[in-house]
Amino acid sequence: TADPAHGGPGAGGPGAGGPSGADPARASPAGRAALGGRAAGGQGAVPYPPESAFEWLPPLDLPGPGRQRRWTVLLRLPLLLPHAVVLFFLSLAAFFTAIAGWFAALVLGRLPEPVFRYLAAYLAYEARVGASAMLLVDRYPPFALFRATGYEVRFENRPTHLNRLAVLFRIVLIIPAWIIASLVMSGWWTLGLLWWLITLVLGRMPLALHGASAAALRYHLRASAYWLLLTPAYPKRFFGDEPGVTDPVERYSATRPLLLSRGGKWLLVLFLVAGVVGGGRGSTYTSPHEETDTARPGSTAGR
12 TADPAHGGPG AGGPGAGGPS GADPARASPA GRAALGGRAA GGQGAVPYPP ESAFEWLPPL
72 DLPGPGRQRR WTVLLRLPLL LPHAVVLFFL SLAAFFTAIA GWFAALVLGR LPEPVFRYLA
132 AYLAYEARVG ASAMLLVDRY PPFALFRATG YEVRFENRPT HLNRLAVLFR IVLIIPAWII
192 ASLVMSGWWT LGLLWWLITL VLGRMPLALH GASAAALRYH LRASAYWLLL TPAYPKRFFG
252 DEPGVTDPVE RYSATRPLLL SRGGKWLLVL FLVAGVVGGG RGSTYTSPHE ETDTARPGST
312 AGR
């Protein structure tokens, strides 16, 4: 079923490539009963998911690299300017909400439901705009925070218990992931003109570039989710997933699991190198420590 807070389709939506059973927490009757058919942002109380044999990491669901209208590629960033304005104001609210959530998590060992719902919806909104800005999808993202049903981009978070000690030292723990996320996004946008020209000429993004771009965006979003206390799982799987080893085998969408070719992995390395050479000056995503900046007009729509 669609998850209103995370703005993506369910198993039958445009971005789905397989059964919803790809998620181990939903695969068993007990898991479905515990989830109650609702994720964050649904009506009523949000239940905590059951334990899984796999570590559950926030997934980014995207469609595969399909044809894109060249005129939307040509005008992609100007078309996204209204979303950049919306994201700026959403990020201001997210900043104060995150501060309140940090104190609450220290006491409760979890985020209060209203705090979780808003921060998860905000990050999902950023995911939709970011995917469009990075030419991963052609369809224009909706102006919807909690009910972006039917859209093919989905970034899902689930409420769960948090380790209070990890909450207390989150600003220290996030540093390694923040460095990687900043460099890879900086590198992508440093070379962004090249990716834009390739997509404009071909009318689609090449498979290896699509996979590498999806991996970069996913890592950034996972780092942001960890910083915002939406998940206790540290950002990982930078070079993609290993279904059957570290992740479920079933395919839910084109990027879940995210399987990168050798070329895609080398492109990720190129992003990192370009980020280092550029010194972070070309980054459109700043530190997850400054969450108000991650969604300012220059963040997802480019600068």
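Counting from 12, one number per residue, gives the positions in the sequence shown under our numbering. From the three backbone atoms N, C-alpha and C, an ideal C-beta is built for every residue, glycine too.
Nearest candidate by alpha-carbon position, reference residue i, set the options
i, options, result
"Leu283", "Ser224, Leu240, Leu232 and Ala142", "Ser224"
"Leu68", "Leu103, Thr171 and Leu218", "Thr171"
"Gly203", "Gly289, Pro74 and Ala116", "Gly289"
"Phe250", "Ala227, Tyr237 and Phe127", "Ala227"
"Pro7", "Leu147, Trp238 and Gly120", "Outside the modelled stretch of the chain, which goes from 12 to 314, sits residue 7, for which no answer is possible."
"Ala109", "Glu124, Tyr162 and Glu66", "Glu124"
"Asp252", "Glu261, Pro268 and Thr83", "Pro268"
"Tyr129", "Gly274, Ala236, Leu281 and Glu66", "Ala236"
"Leu179", "Leu86, Leu119 and Phe127", "Leu119"
"Leu90", "Arg78, Asn168 and Asp149", "Asp149"
"Asn168", "Tyr133, Arg175 and Arg78", "Tyr133"
"Leu205", "Leu281, Leu156 and Arg181", "Leu281"
Sub-8 Å separation of residue i and residue j beta-carbons
i, j, result
"Val140", "Leu98", "yes"
"Ala138", "Phe114", "no"
"Thr201", "Ala105", "no"
"Tyr151", "Leu101", "no"
"Val195", "Tyr230", "yes"
"Ala159", "Pro153", "yes"
"Pro243", "Ala142", "no"
"Ala116", "Leu173", "yes"
"Leu213", "Leu122", "no"
"Gly112", "Val96", "no"
Residue span of the alpha helix (DSSP H) that contains residue i, given as start and end
i, result
"Arg181", "Arg181 to Leu184"
"Lys247", "Taken as a continuous stretch (DSSP letters only), Lys247 belongs to no alpha helix (DSSP H), as it is neither H nor E."
"Glu124", "Glu124 to Ala144"
"Ser224", "Leu218 to Trp238"
"Thr83", "Arg81 to Leu85"
"Val148", "First-last for Val148: undefined, no H or E at that position."
"Leu283", "Arg273 to Gly289"
"Leu117", "Leu92 to Leu119"
Neighbourhood of residue i by C-beta, 8 Å cutoff - its chain only, sequence neighbours within 5 removed
i, result
"Gln54", "Note that Gln54 scores 35 on pLDDT, short of 50, meaning its location in the model is unreliable; the coordinates nonetheless yield the value given after this. Hits under 8 Å: none found."
"Leu208", "none"
Contacts around residue i, its chain only, beta-carbon distance under 6 Å, and the 5 residues preceding and following it disregarded
i, result
"Pro76", "Arg215, Met216, Leu218 and His221"
"Leu146", "Thr210 and Met216"
"Arg233", "Pro69 and Pro246"
"Ala192", "Tyr230, His231 and Ala234"
"Ser272", "Ala219"
"Lys276", "Phe250"
"Val84", "Thr210 and Leu211"
Same chain, Cβ closer than 7 Å to residue i, five either side skipped, listed in chain order
i, result
"Ala33", "Unreliable placement is indicated for Ala33, whose pLDDT of 41 sits below 50; no coordinate value is reported for it."
"Arg80", "Asp149"
"Glu66", "Ala244"
Output the residue ranges of the alpha helix (DSSP H) runs that lie fully inside the stretch 159 to 213 and measure 4 residues or longer, sorted by chain position.
-> 175 to 179, 181 to 184, 186 to 201 and 203 to 213
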